[in-house]
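S.K.: Here's a structure for you.
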Amino acid sequence: MAQPKNFGFGPDEQMVRDQASRFLKDNLPVDRLRTLVAHDHHSAYESPVQPVAWDQKLWRDAVALGWTGLGIPEDDGGVALPLVALASVVEEAGRAAFPSPLLSTLCATEVLKACETAAAHAALAEIAGGAAASLATTGEAASWETADADVTATSIDHGFVLDGVAHFVQDARKAAFFVVSAQSKGGAILARVAADAPGVSVDPDRIADLTRDQASVRLQGVDVKPDHVVAPAKLADEALAKALPSILTLVAADICGAGEWQLQTTTEYARTRKQFDHAIGFFQAVKHPIVNMMLDLDRARSLVYAAACAVDHEPADALRLARMAKAAASDAAKFLSGRSIQLHGGIGFTWECDVHIWVKRQQHSQFLWGDATWHRARLAEAY
Amino acid sequence: MAERTDTKEQAEFREYCRRWLAENRPAPPSFRLPISAIEVMTDDQFRYLHDWQKKCHGAGLVGTDYPKEYGGHGHKGLQSIAIQEMGRAGVPYMLNIIGLNMAAPTILVHGTEEQKRRYLPPLLSSDEIWCQGFSEPGAGSDLAGVQTSAVRDGDNWIINGHKVWTSLAHFASWMILLSRTSSDDKYKGLTYFVVPISGTDGVTVRPLIKITGETGFNEVLFEDLVVPDKMRLDEVGKGWNVAMTTLTYERGAAEGAGSGGGISIDERVRQLVRLAKATRRPGGKTAWDDAVLRDHVMQLAIRAEGFRQTSRRARVESLCEQPLRLPLQQKVLTSELMQDIAATALEIEGAWASLYLGDHRAPDGGQWPLAYLNSYGFTIAAGSNEIQRNILGERVLGMAKSK
Numbered sequence: 001m002a003q004p005k006n007f008g009f010g011p012d013e014q015m016v017r018d019q020a021s022r023f024l025k026d027n028l029p030v031d032r033l034r035t036l037v038a039h040d041h042h043s044a045y046e047s048p049v050q051p052v053a054w055d056q057k058l059w060r061d062a063v064a065l066g067w068t069g070l071g072i073p074e075d076d077g078g079v080a081l082p083l084v085a086l087a088s089v090v091e092e093a094g095r096a097a098f099p100s101p102l103l104s105t106l107c108a109t110e111v112l113k114a115c116e117t118a119a120a121h122a123a124l125a126e127i128a129g130g131a132a133a134s135l136a137t138t139g140e141a142a143s144w145e146t147a148d149a150d151v152t153a154t155s156i157d158h159g160f161v162l163d164g165v166a167h168f169v170q171d172a173r174k175a176a177f178f179v180v181s182a183q184s185k186g187g188a189i190l191a192r193v194a195a196d197a198p199g200v201s202v203d204p205d206r207i208a209d210l211t212r213d214q215a216s217v218r219l220q221g222v223d224v225k226p227d228h229v230v231a232p233a234k235l236a237d238e239a240l241a242k243a244l245p246s247i248l249t250l251v252a253a254d255i256c257g258a259g260e261w262q263l264q265t266t267t268e269y270a271r272t273r274k275q276f277d278h279a280i281g282f283f284q285a286v287k288h289p290i291v292n293m294m295l296d297l298d299r300a301r302s303l304v305y306a307a308a309c310a311v312d313h314e315p316a317d318a319l320r321l322a323r324m325a326k327a328a329a330s331d332a333a334k335f336l337s338g339r340s341i342q343l344h345g346g347i348g349f350t351w352e353c354d355v356h357i358w359v360k361r362q363q364h365s366q367f368l369w370g371d372a373t374w375h376r377a378r379l380a381e382a383y
Numbered sequence: 384m385a386e387r388t389d390t391k392e393q394a395e396f397r398e399y400c401r402r403w404l405a406e407n408r409p410a411p412p413s414f415r416l417p418i419s420a421i422e423v424m425t426d427d428q429f430r431y432l433h434d435w436q437k438k439c440h441g442a443g444l445v446g447t448d449y450p451k452e453y454g455g456h457g458h459k460g461l462q463s464i465a466i467q468e469m470g471r472a473g474v475p476y477m478l479n480i481i482g483l484n485m486a487a488p489t490i491l492v493h494g495t496e497e498q499k500r501r502y503l504p505p506l507l508s509s510d511e512i513w514c515q516g517f518s519e520p521g522a523g524s525d526l527a528g529v530q531t532s533a534v535r536d537g538d539n540w541i542i543n544g545h546k547v548w549t550s551l552a553h554f555a556s557w558m559i560l561l562s563r564t565s566s567d568d569k570y571k572g573l574t575y576f577v578v579p580i581s582g583t584d585g586v587t588v589r590p591l592i593k594i595t596g597e598t599g600f601n602e603v604l605f606e607d608l609v610v611p612d613k614m615r616l617d618e619v620g621k622g623w624n625v626a627m628t629t630l631t632y633e634r635g636a637a638e639g640a641g642s643g644g645g646i647s648i649d650e651r652v653r654q655l656v657r658l659a660k661a662t663r664r665p666g667g668k669t670a671w672d673d674a675v676l677r678d679h680v681m682q683l684a685i686r687a688e689g690f691r692q693t694s695r696r697a698r699v700e701s702l703c704e705q706p707l708r709l710p711l712q713q714k715v716l717t718s719e720l721m722q723d724i725a726a727t728a729l730e731i732e733g734a735w736a737s738l739y740l741g742d743h744r745a746p747d748g749g750q751w752p753l754a755y756l757n758s759y760g761f762t763i764a765a766g767s768n769e770i771q772r773n774i775l776g777e778r779v780l781g782m783a784k785s786k
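The listed protein sequences derive, respectively, from chains R and L.
Per this note's numbering, residue 1 is the first one in the first sequence, and the count goes up by one each step.
Per this note's numbering, residue 384 is the first one in the second sequence, and the count goes up by one each step.
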């Protein structure tokens, strides 16, 4: 199939993106976001359990708009839009720093789509119906190589029993179920585990990002019936590998959206804040780094669209472009965050200024599913 | 094989270009060709490249999208295909680079019918070489500060002044010239001409030597050069507008009449990877085995792919935040990427990077130290990258104008 010159971004995709943009502008202005995530610095950093910042009504409205079903096949209750559409919606979510399980649910969706089992289709139908999900596929080694998974699956008469811990599980306290990677005698499997299943406990991490939650998910003698095994032994690796380009692309899209907010907000500040009788953007020491923010960001954005388009139309090239997109986006996130604080000056260093909300989200995304150096090292192997 | 983004017509033309280039690739010359047309020095180099451009023009690979009555081939949307294929084929570059990239589109947009019919056909075929008279000793990146004067004298203009960094002037028949016709207003006092250069009374061309040791650019002195009014491009006092058209093409924000060939950024990256894999570092391992150097190379590979995809995205309106945002980035991105690729090559070569053109032991014939030194031409020319960042900050992001 030929990769279209417009990145496969047609009127449908544009409509979905514009709708997402409007929805978030109308319903999640920055002052509303602050009341959700940054109203009180004590609760964010000193309470024994980090609160979950989540406007559940807003999430239900997003689900009602169909966001969780965007990429799900029509037979499973979704609307089967290409990844470019999902990426552009995630970009808008990043721009608004939307605290929600959108990204984690879409990532789980991509893995489930790659499984092609009855159990996976059933899980997809649940997501299309509004259930939030998350991947519990990472062990202490912080990779999602199934060999690194710290969860074991012991085979019993009907299904498996899971024991162990999955780390760095995104938006764990917002998810209705997890897709767990576990090692069985016959190889790795992927299992669908309800968040409230007996034996499952969620230990929240204390993270810098105020817009997400993250946890270790403990599994102690958790029963998995055969109809909840979404990928049997030997298919799990394949499914994870197949989904990786999409996941990297989506995380990079979130970074690019957040980066656009950082660029626009810092630019606006440079246009209005006066020092030495000039708006500070008059000074090249301020103007040029802001332009550099734009250059880095646009490179990452172009790679995100290219990677998404490759997933949709030219899968053989998708992993290369997705790794490039994630590496470029991670580097851009670091640079844009640093400059956005610095160029806001003293106020940029305060809790009162909105800038830190995005800085922390970017810092989190920078390392999510592999940092820039990691992906460049993997890319080099193919050269 | 068609590109994934081609229309049917483009795919057919691409196939034609590939076939033609494969069958007509010129034999390598017995002498060294410089990195680009703007370092061409000798008559041998000139003749070789002149013949090649003429042949490409005859085959429809140059001036592809220009009207037939102006020496073009009357197509639409095919020029970029020819440029891509020439780059891919690794054939020599086009000689008349200033003419194709800057003079031709400016004349096409602002010229009279008579001017277009007179100037464009020999430009496209490389029978008449063009140079650009913008910079002056006192006005480099502050282009509107030009002082070269044009004073009206009946049906003629009398031109006096001093232009610098004038690439290809030593071979040029014509120059596109920005001159001052009034001192009342910095911008509205400018008028644009095409003026004769070779064998003309009142014009002196003197070579300037680059830091690379090469020549190719010049200073051009005008002493009472008489130019008929019919060589004026657009109206008196509109020179700044016309110059903006030229700069839009010079900075890569739009595509000229075709200047394919030479080494593409993608090919440069491939060369860099090959160099890293072939170069032994102290300790015996290759540069590619050094994680730090390999990471640098991959950063550049990602920038190159990012550049390619940004060029592609710039043509999709719904994926661009502001109309000029991506096109205005082109010149900064390419010039700095080429510079950083060369700088990384020197890091990889280590002490071997000291060996320059002419040393028989120099890796890759000493091309990397040359490419690195030469790359500063492009981060300074066409408005230094500092000026480009001002333009991006002011015109795209709306920040206050720096003075």
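No residue lacks a Cβ here, since even glycine has one placed at the ideal position from N, Cα and C.
Within 8 Å of any Cβ in chain L, is that where the Cβ of residue 281 of chain R sits?
M.R.: For residue 281 of chain R, the answer is yes, since a Cβ of chain L falls inside 8 Å of its Cβ.
S.K.: Which two residues bound the contiguous beta strand (DSSP E) that contains residue 558 of chain L?
M.R.: 557-563 is the span of the beta strand (DSSP E), which, as asked, contains residue 558 of chain L.
S.K.: Taking residue 55 of chain R as the reference, give the member of R/211, R/204, R/5, R/14 with the closest Cα.
M.R.: Comparing Cα positions, the closest option is R/211.
S.K.: Verify the CB distance criterion: does residue 780 of chain L have a CB-CB separation below 8 Å to chain R?
M.R.: It does: the Cβ of residue 780 of chain L has a partner Cβ on chain R nearer than 8 Å.
S.K.: Give the DSSP-derived three-state secondary structure of residue 671 of chain L in the structure shown.
M.R.: Note: residue 671 of chain L maps to helix in three-state DSSP.
S.K.: Below 9 Å on C-beta distance, what does residue 675 of chain L contact in chain R?
M.R.: Here the premise fails: no neighbours, minimum Cβ distance about 10 Å.
S.K.: Using CA atoms only, rank isn't needed, just tell me which of R/36, R/236, R/4 is closest to residue 147 of chain R.
M.R.: That would be R/236, whose Cα lies nearest to the Cα of residue 147 of chain R.
S.K.: Report yes or no: do three or more beta-carbon pairs, one from the segment 123-130 of chain R and one from the segment 285-295 of chain R, lie closer than 8 Å?
M.R.: At 8 Å Cβ cutoff, the stretches do not touch.
S.K.: Would you mind reading off the limits of the alpha helix (DSSP H) that contains residue 604 of chain L?
M.R.: Per DSSP, residue 604 of chain L belongs to no alpha helix (DSSP H); it is in the beta strand (DSSP E), 600-611.
S.K.: Buried or exposed: where does residue 267 of chain R fall if 16 or more other Cβ atoms within 10 Å of its Cβ makes it buried?
M.R.: Looking at its Cβ environment, which holds 16 or more other Cβ atoms inside 10 Å, residue 267 of chain R is buried.
S.K.: Could you give the first and the last residue of the continuous alpha helix (DSSP H) run that contains residue 16 of chain R?
M.R.: Looking at the DSSP string, the run of the alpha helix (DSSP H) that includes residue 16 of chain R is 11-27.
S.K.: Could you tell me how far apart the beta carbons of residue 484 of chain L and residue 549 of chain L are, in whole angstroms, since I believe they sit closer than 8 Å?
M.R.: Incorrect: roughly 15 Å between the Cβ atoms, too far for contact.
S.K.: Assign residue 743 of chain L to buried or exposed, taking buried as 16 or more other Cβ atoms, counted over all protein chains shown, within 10 Å of its Cβ.
M.R.: With fewer than 16 other Cβ atoms within 10 Å, it is exposed.
S.K.: By the 8 Å beta-carbon criterion, what residues does the segment 289-315 of chain R contribute toward chain L?
M.R.: Cβ contacts with chain L come from 290, 291, 292, 294, 295, 298, 299, 300, 301, 302, 303, 305, 306, 313, 314.
S.K.: Inspect the CB distances between the segment 518-533 of chain L and the segment 489-498 of chain L and report whether three or more fall short of 8 Å.
M.R.: Not touching, per the Cβ criterion.
S.K.: Output the residue ranges of the beta strand (DSSP E) runs that lie fully inside the segment 165-189 of chain R and measure 3 residues or longer, sorted by chain position.
M.R.: Counting whole runs of 3 or more residues, the segment 165-189 of chain R contains the beta strand (DSSP E) stretches 177-184.
S.K.: Can you pull the chain L residues whose beta carbon is under 9 Å from the beta carbon of residue 284 of chain R, in chain order?
M.R.: Near residue 284 of chain R (Cβ distances below 9 Å), the residues of chain L are 769, 772, 773, 776, 785.
S.K.: Determine, for residue 270 of chain R, whether the minimum Cβ-Cβ distance to residues of chain L falls below 8 Å.
M.R.: Yes, because at least one Cβ of chain L sits closer than 8 Å to the Cβ of residue 270 of chain R.
S.K.: Does any CB atom of chain L fall closer than 8 Å to the CB of residue 14 of chain R?
M.R.: So, interface residue.
S.K.: Could you give the first and the last residue of the continuous alpha helix (DSSP H) run that contains residue 57 of chain R?
M.R.: Looking at the DSSP string, the run of the alpha helix (DSSP H) that includes residue 57 of chain R is 56-64.
S.K.: Please classify residue 213 of chain R as buried or exposed, where buried requires at least 16 other C-beta atoms within 10 Å of its C-beta.
M.R.: By the 10 Å Cβ count, residue 213 of chain R comes out buried.
S.K.: At a CB distance below 8 Å, what residues from the segment 630-658 of chain L approach chain R? Give them in sequence order.
M.R.: So the list reads 656, given in the order they occur along the chain.
S.K.: If we ignore side chains and look at the alpha-carbon of each, how far apart do residue 76 of chain R and residue 123 of chain R end up?
M.R.: Approximately 9 Å between the Cα atoms of the pair.
S.K.: Please report whether the beta-carbon of residue 27 of chain R lies at a distance below 8 Å from any beta-carbon of chain L.
M.R.: Not closer than 8 Å to any Cβ of chain L, the Cβ of residue 27 of chain R fails to qualify, so no.
S.K.: Among R/85, R/317, R/86, R/70, which one has its Cα closest to the Cα of residue 79 of chain R?
M.R.: Out of R/85, R/317, R/86, R/70, R/70 has the C-alpha closest to the C-alpha of residue 79 of chain R.
S.K.: Since residue 287 of chain R meets chain L, which of its residues come closer than 9 Å, beta carbon to beta carbon?
M.R.: In chain order: 772, 773, 775, 776, 777, 780, 782, 783, 785.
S.K.: Look at the alpha carbon of residue 731 of chain L and the alpha carbon of residue 650 of chain L, and state the distance between them as a whole number of angstroms.
M.R.: Near 17 Å, if we compare the C-alpha coordinates of residue 650 of chain L and residue 731 of chain L.
S.K.: Which residue from L/707, L/577, L/531, L/698 puts its Cα closest to that of residue 566 of chain L?
M.R.: Selected option, being the one with the closest Cα: L/531.
S.K.: Does residue 732 of chain L come out as helix, strand or coil in the three-state DSSP assignment?
M.R.: In this structure, residue 732 of chain L counts as helix in the three-state DSSP scheme.
S.K.: Which residues in the same chain have their Cβ closer than 8 Å to the Cβ of residue 417 of chain L, if we skip the five residues on either side of it in sequence?
M.R.: Around residue 417 of chain L: 423, 424, 428, 597, 599.
S.K.: Residue 386 of chain R and residue 169 of chain R: beta carbons closer than 8 Å?
M.R.: Any question about residue 386 of chain R goes unanswered here, given that chain R covers just 1 to 383.
S.K.: So, does the CB of residue 678 of chain L fall closer than 8 Å to a CB anywhere in chain R?
M.R.: Output row for residue 678 of chain L: interface = yes.
S.K.: Please list, in chain order, all residues of the same chain as residue 619 of chain L whose beta carbon is under 7 Å from its beta carbon, the five residues on each side excluded.
M.R.: 564, 574.
S.K.: Given this structure, state the Cα-to-Cα distance separating residue 47 of chain R from residue 335 of chain R, to the nearest angstrom.
M.R.: Using only the alpha carbons, I get a separation of about 31 Å.
S.K.: Hey, is the segment 626-637 of chain L in contact with the segment 712-724 of chain L, meaning 3+ C-beta pairs nearer than 8 Å?
M.R.: Contact holds: three or more Cβ-Cβ distances are below 8 Å.
S.K.: Run through the segment 628-674 of chain L for me and flag every whole alpha helix (DSSP H) of 4 or more residues, listed as ranges in chain order.
M.R.: Taking only runs of at least 4 residues, the alpha helix (DSSP H) segments lying wholly in the segment 628-674 of chain L are 648-661.
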